[in-house]
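Number of protein chains: 2
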Amino acid sequence: MIADRPAIDRPAVDLEALLRDERAEVERALERACEWLGDELPDELLQPARHAVLSRGKRLRPILCVVAYRACGGGTDPAVYDLGAAIELIHAYSLMHDDLPCMDDADLRRGQPTPHTLFGEAATARAGLALIPAASLWALRASDALGADDGVSRRIVRELNRGAGAGGMVGGQALDLLGEGQHLDSNELDRLHGMKTGALLTASLVIGGLAAGASEASIAGLESFGRGIGLAFQVTDDILDATAVAADLGKHPSDGVLDKSTYVSLYGLEEATRRARVLAEEATEALRGAGIDAPALIALASYVVERKR
Amino acid sequence: MIADRPAIDRPAVDLEALLRDERAEVERALERACEWLGDELPDELLQPARHAVLSRGKRLRPILCVVAYRACGGGTDPAVYDLGAAIELIHAYSLMHDDLPCMDDADLRRGQPTPHTLFGEAATARAGLALIPAASLWALRASDALGADDGVSRRIVRELNRGAGAGGMVGGQALDLLGEGQHLDSNELDRLHGMKTGALLTASLVIGGLAAGASEASIAGLESFGRGIGLAFQVTDDILDATAVAADLGKHPSDGVLDKSTYVSLYGLEEATRRARVLAEEATEALRGAGIDAPALIALASYVVERKR
Chain C
905 MIADRPAIDR PAVDLEALLR DERAEVERAL ERACEWLGDE LPDELLQPAR HAVLSRGKRL
965 RPILCVVAYR ACGGGTDPAV YDLGAAIELI HAYSLMHDDL PCMDDADLRR GQPTPHTLFG
1025 EAATARAGLA LIPAASLWAL RASDALGADD GVSRRIVREL NRGAGAGGMV GGQALDLLGE
1085 GQHLDSNELD RLHGMKTGAL LTASLVIGGL AAGASEASIA GLESFGRGIG LAFQVTDDIL
1145 DATAVAADLG KHPSDGVLDK STYVSLYGLE EATRRARVLA EEATEALRGA GIDAPALIAL
1205 ASYVVERKR
Chain H
905 MIADRPAIDR PAVDLEALLR DERAEVERAL ERACEWLGDE LPDELLQPAR HAVLSRGKRL
965 RPILCVVAYR ACGGGTDPAV YDLGAAIELI HAYSLMHDDL PCMDDADLRR GQPTPHTLFG
1025 EAATARAGLA LIPAASLWAL RASDALGADD GVSRRIVREL NRGAGAGGMV GGQALDLLGE
1085 GQHLDSNELD RLHGMKTGAL LTASLVIGGL AAGASEASIA GLESFGRGIG LAFQVTDDIL
1145 DATAVAADLG KHPSDGVLDK STYVSLYGLE EATRRARVLA EEATEALRGA GIDAPALIAL
1205 ASYVVERKR
């Protein structure tokens, strides 16, 4: 099955080294963010927040932010990892709340016990809520550290909240909730996942570009790229869910149980695999069309559809 | 008992007319905010959000924002009500989440059924989450409409998130949760309520001042005023909780049941009443000390300690 997974043109980037090195920097930035959180958050809430933020993860959003920043001429200032970490705080809170007993009631995530199983539901829910404004504040601090002017900082915090909010992640989660037990067509599924996953991935890229002072044309290119890999990411998730066993994923495949529409249920495995590849290819085309020469971003597009978890 | 409630110098403002007129404008602004939310939020989440946002409330935060704006030389642009409404979105979400079965499990608020009893827990929780980034986005739009420059907009969104976050409302809620069954001394109680209630009230005033282009001295004066009336508000809440019956408050007095420390349990009713008055008087002194001549703000300080609900 793995051999049938999509592949796009191999770029001249060592993807494994890129992911390893960037993840290590992102982890350090997440530690800094948690330390800062601890200045204000009582210890009983800091614990579930740390557990959620520092649990093993792909760190795709911060890595996209950092790589977009460099692709648009940003320098080597490590504060860009703090900017990426701000976005990961939103992602972390969303997982904490998704897994709560009053939501999906999951006791396992990435092979680890979920925070509420360790720290209780009320403390975990509150800690998750604390991460939302913290993300905006941490993004503003990182923007300052990167020397962004007020207009850029303002736009960064706007993109972050758009990606996180009703027109982005939370809105998509709502559509997901409403779609349970319903048959969604491909447009509806694209809209749902474009919001639920695509919006914050796209915001990550745009925020990196904004911090680097990218042109409007480059920002538009990053947006198209983000929309494409956002959908490709979800199609791949559905393929992985359909083909992997629970132990391999570190979580219980749940969408089938909840009778949700997936790209695999809609297209079948083969066509879904083809579609993920086409989406990733179109995404890299959009980058090239916007004049962004970024082998690392292209490598990440291939990672999105070739990853095994 | 009511006759013993604190009173401070009567200012030359018709408080009742002020509250009535400002509330009417705030309600219209909240309707505008909900209409805008409806552009992106699926109807199933818009319903609990509208229910929470448009339920009867004191609207103290938006009114403080508007009145501070005017006291600092802001004009008559109605967009300042939208700025105030952004802050009320945060307050509304906090009530939605407080009342959830997985939190305080309250089925009644302001005499009305809470949103989760009507729309379910998952939809209400998600709708509440949607309001948090919405508040930042709506504040940025209102800042634009008021002609605020990027630096002011940036500071407004920062104050909003500080008031809402770990160092403000959510942090205070966490301390509140942790304080159940514990005896808190006056410093601990002041810290808790300074964060839980005071931070967002103070942010409301500061945001109004910032939008009006207030001097740093005026902003500092508004901060002191906000801290004072924030504590006075909570002391008064505790007095009301201790003396009112459930039917009169429209909610069930709960802190006694949860064995929480209150200002009444700490000081007794008489001393708590005196303390509320002193806090309100010190708050108005801080305003005068900062050179802010604002009879309407002074009237609101008296309202905070004289209100009956």
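These protein sequence lines are chains C and H, in that order.
When the letters of the first sequence are read in order and numbered with the working numbering, they come out as residues 905 to 1213.
When the letters of the second sequence are read in order and numbered with the working numbering, they come out as residues 905 to 1213.
For glycine and all other residues, C-beta sits at the position ideal for the given N, C-alpha and C.
Interface residues of chain H facing C/Pro1005 [CB-CB closer than 9 Å]:
Translated into positions along the first sequence, residue 1005 of chain C becomes position 101. Taking the beta carbon of C/Pro1005 as reference, the chain H residues within 9 Å of it are Cys1006, listed in sequence order.
Which of helix, strand or coil DSSP assigns to C/Leu1109:
Mapped onto the first sequence, residue 1109 of chain C falls at position 205. In the three-state DSSP reduction, C/Leu1109 falls in the helix class (H, G or I).
H/Leu1050 (DSSP reduced to helix, strand or coil)
Position 146 of the second sequence, counted from the start, is the residue given in the question as residue 1050 of chain H. In the structure shown, the three-state DSSP call for H/Leu1050 is coil.
Is any beta-carbon of chain C found at less than 9 Å from that of H/Val1061?
Here residue 1061 of chain H is taken as the residue at index 157 of the second sequence, counted from 1. Answer yes: the Cβ-Cβ gap between H/Val1061 and chain C drops below 9 Å somewhere.
Tell me, which residues are paired with C/Leu1012 by DSSP?
Residue mapping note: residue 1012 of chain C aligns to position 108 of the first sequence, counting from 1. Answer by DSSP bridge pairing, in chain order: C/Pro1017.
Just verifying my parser: in three-state terms, what is the DSSP assignment at H/Gly1195?
Within the second sequence, numbered from 1, the residue matching residue 1195 of chain H stands at position 291. In the structure shown, H/Gly1195 falls within a coil segment according to DSSP collapsed to helix, strand and coil.
Taking CB distances under 9 Å as the criterion, tell me whether C/Val1074 reaches chain H.
The residue given as residue 1074 of chain C occupies position 170 in the first sequence. Yes, its Cβ sits closer than 9 Å to a Cβ of chain H.
Counting only runs of 4+ residues fully inside the region 957-996 of chain H, write out the alpha helix (DSSP H) ranges in chain order.
Taking only runs of at least 4 residues, the alpha helix (DSSP H) segments lying wholly in the region 957-996 of chain H are 964-975.
Taking the alpha carbon of C/Ser1169 as the reference point, which residue from C/Ile1143, C/Val1182, C/Ala1180 has its own alpha carbon closest?
In the first sequence, the residue the question calls residue 1169 of chain C occupies position 265. Ranking C/Ile1143, C/Val1182, C/Ala1180 by Cα distance to C/Ser1169 puts C/Ile1143 first.
How many whole angstroms separate the CB atoms of C/Met1099 and C/Gly1072, which I take to be in contact at a CB cut-off of 8 Å?
Along the first sequence, one-based indexing puts residue 1099 of chain C at 195. Along the first sequence, one-based indexing puts residue 1072 of chain C at 168. Between C/Met1099 and C/Gly1072, the beta carbon gap of about 6 Å places them in contact (Cβ cut-off 8 Å).
Straight-line Cα distance separating C/Pro1005 from H/Thr1028
Taking the second sequence and counting its residues from 1, one reaches residue 1028 of chain H at position 124. Taking the first sequence and counting its residues from 1, one reaches residue 1005 of chain C at position 101. Distance between the alpha carbons of H/Thr1028 and C/Pro1005 is about 14 Å.
Could you compute how far the alpha carbon of H/Pro966 sits from the alpha carbon of C/Glu926?
What you label residue 966 of chain H is simply residue 62 of the second sequence in a count that begins at 1. What you label residue 926 of chain C is simply residue 22 of the first sequence in a count that begins at 1. Pairing H/Pro966 with C/Glu926, the inter-Cα distance amounts to about 44 Å.
Exposed or buried, what is H/Ile1202 when buried is set at 16 or more other beta-carbons lying within 10 Å of its beta-carbon?
Numbered from its first residue, the second sequence carries residue 1202 of chain H at position 298. By the 10 Å Cβ count, H/Ile1202 comes out buried.
Is it right to say C/Pro1199 is buried, meaning 16 or more other beta carbons lie within 10 angstroms of its own, or is it exposed?
Indexing the first sequence from 1 puts residue 1199 of chain C at position 295. Exposed is the call here.
Going by CA-CA distance only, name the one from H/Ala1146, H/Leu968, H/Ala983, H/Thr1018 that's closest to H/Leu1044.
The sequence position of residue 1044 of chain H within the second sequence is 140, counting from 1. For the residues H/Ala1146, H/Leu968, H/Ala983, H/Thr1018, the minimum Cα distance to H/Leu1044 belongs to H/Ala983.
C/Thr1147 versus C/Val1139 - alpha carbon distance
For this step, residue 1147 of chain C is matched to residue 243 along the first sequence. For this step, residue 1139 of chain C is matched to residue 235 along the first sequence. Straight across, the Cα-Cα distance linking C/Thr1147 with C/Val1139 is about 12 Å.
Would you call the region 1080-1091 of chain H in contact with the region 1128-1139 of chain H, where contact means no fewer than 3 C-beta pairs closer than 8 Å?
Not touching, per the Cβ criterion.
Distance cutoff 9 Å, beta carbons only. Does H/Asp1054 sit that close to anything in chain C?
Position 150 of the second sequence, counted from the start, is the residue given in the question as residue 1054 of chain H. Against chain C, the CB of H/Asp1054 has a partner CB under 9 Å away; the residue lies at that interface.
Secondary structure of H/Glu1063, DSSP reduced to three states
The residue given as residue 1063 of chain H occupies position 159 in the second sequence. Residue state, collapsed to three classes: helix.
Other residues of its chain near C/Ala1190: CB distance less than 8 Å, five sequence neighbours each side excluded:
Within the first sequence, numbered from 1, the residue matching residue 1190 of chain C stands at position 286. Taken in chain order, the residues that qualify are Gly1125, Ser1128, Phe1129, Gly1132.
Alpha carbon of H/Asp918 to alpha carbon of H/Ile994, nearest angstrom
Here residue 918 of chain H corresponds to residue number 14 of the second sequence, with the count starting at 1. Here residue 994 of chain H corresponds to residue number 90 of the second sequence, with the count starting at 1. H/Asp918 and H/Ile994: Cα-Cα distance of roughly 29 Å.
Local Cβ density within 10 Å of H/Glu992, reported as buried at 16 or more and exposed below that:
What you label residue 992 of chain H is simply residue 88 of the second sequence in a count that begins at 1. With 16 or more other Cβ atoms within 10 Å, it is buried.
Spell out whether any CB of chain H is found under 9 Å from the CB atom of C/Ala1151.
On the first sequence, position 247 is the one that residue 1151 of chain C refers to. Any reading at C/Ala1151 must be qualified, since the residue scores a pLDDT of 49, below 50, and its modelled position is unreliable; the value itself is stated next. No, because no Cβ of chain H sits closer than 9 Å to the Cβ of C/Ala1151.
Rounded C-alpha distance that separates C/Ala990 from C/Gly1112
As a first step, residue 990 of chain C is located in the first sequence; it is residue number 86 there, counting from the start. As a first step, residue 1112 of chain C is located in the first sequence; it is residue number 208 there, counting from the start. Cα to Cα, C/Ala990 sits roughly 12 Å from C/Gly1112.
Please state whether DSSP places H/Glu1175 in a helix, a strand or coil.
The residue you call residue 1175 of chain H lines up with position 271 of the second sequence. Three-state result, H/Glu1175: helix.
Give a yes or no on whether 9 Å exceeds the smallest Cβ distance from H/His1097 to chain C.
Position 193 of the second sequence holds residue 1097 of chain H. Chain C places no beta carbon closer than 9 Å to that of H/His1097, leaving this residue out of the contacts.
Within the same chain, show all residues whose beta-carbon is closer than 7 Å to that of C/Leu949, passing over the 5 residues directly before and after it, in chain order.
Counting from 1 along the first sequence, the entry for residue 949 of chain C is found at position 45. Sequence-distant partners of C/Leu949 (beyond 5 residues in either direction) whose C-beta falls short of 7 Å from its own C-beta, in its chain, are Ala1027, Arg1030, Ala1031, Ala1034.
What is the DSSP secondary structure of H/Glu1084, counted as helix, strand or coil?
Counting from one through the second sequence, the residue named residue 1084 of chain H turns up at place 180. Correct three-state label for H/Glu1084: coil.
From H/Ala907 to H/Lys1212, what distance separates their C-alpha atoms?
Along the second sequence, read from residue 1 onward, the residue named residue 907 of chain H stands at position 3. Along the second sequence, read from residue 1 onward, the residue named residue 1212 of chain H stands at position 308. Residue confidence for H/Ala907 is low, a pLDDT of 42 falling below 50, so the modelled location carries little weight; the figure read from the coordinates is stated next. Computed Cα separation, rounded: 11 Å.
Can H/Pro1037 and C/Ala953 be called in contact, C-beta distance under 9 Å?
Here the question's residue 1037 of chain H lines up with position 133 in the second sequence. Here the question's residue 953 of chain C lines up with position 49 in the first sequence. Against a cut-off of 9 Å, the Cβ pair of C/Ala953 and H/Pro1037 comes out as no contact.
Below 8 Å, can you find three or more Cβ-Cβ pairs linking the region 1106-1121 of chain C to the region 1170-1184 of chain C?
Result no; under three Cβ-Cβ pairs closer than 8 Å.
Compute the beta-carbon to beta-carbon distance between C/Ala933 and C/Gly979, rounded to the nearest angstrom, for a pair I have assumed lies under 8 Å.
The residue labelled residue 933 of chain C in the question sits at position 29 within the first sequence. The residue labelled residue 979 of chain C in the question sits at position 75 within the first sequence. Not a contact, Cβ separation roughly 16 Å.
Tell me which residues of the region 981-1000 of chain C have at least one Cβ-Cβ distance to chain H shorter than 9 Å, keeping chain order.
Legend: CB atoms of the region 981-1000 of chain C lying less than 9 Å from CB atoms of chain H belong to residues Ile994, Tyr997, Ser998.
Could you tell me whether the Cβ of C/Ala1027 comes closer than 9 Å to any Cβ of chain H?
Translated into positions along the first sequence, residue 1027 of chain C becomes position 123. Under the Cβ criterion of 9 Å, C/Ala1027 is counted among the residues facing chain H.
Looking at C-beta atoms only, is the number of pairs between the region 1005-1014 of chain C and the region 1046-1058 of chain C that lie closer than 8 Å three or more?
With a cut-off of 8 Å, the region 1046-1058 of chain C and the region 1005-1014 of chain C do not count as touching, because too few Cβ pairs lie within range.
Is the CB of H/Ile1123 under 9 Å away from at least one CB in chain C?
Counting from 1 along the second sequence, the entry for residue 1123 of chain H is found at position 219. With a threshold of 9 Å between beta carbons, H/Ile1123 makes no contact with chain C.
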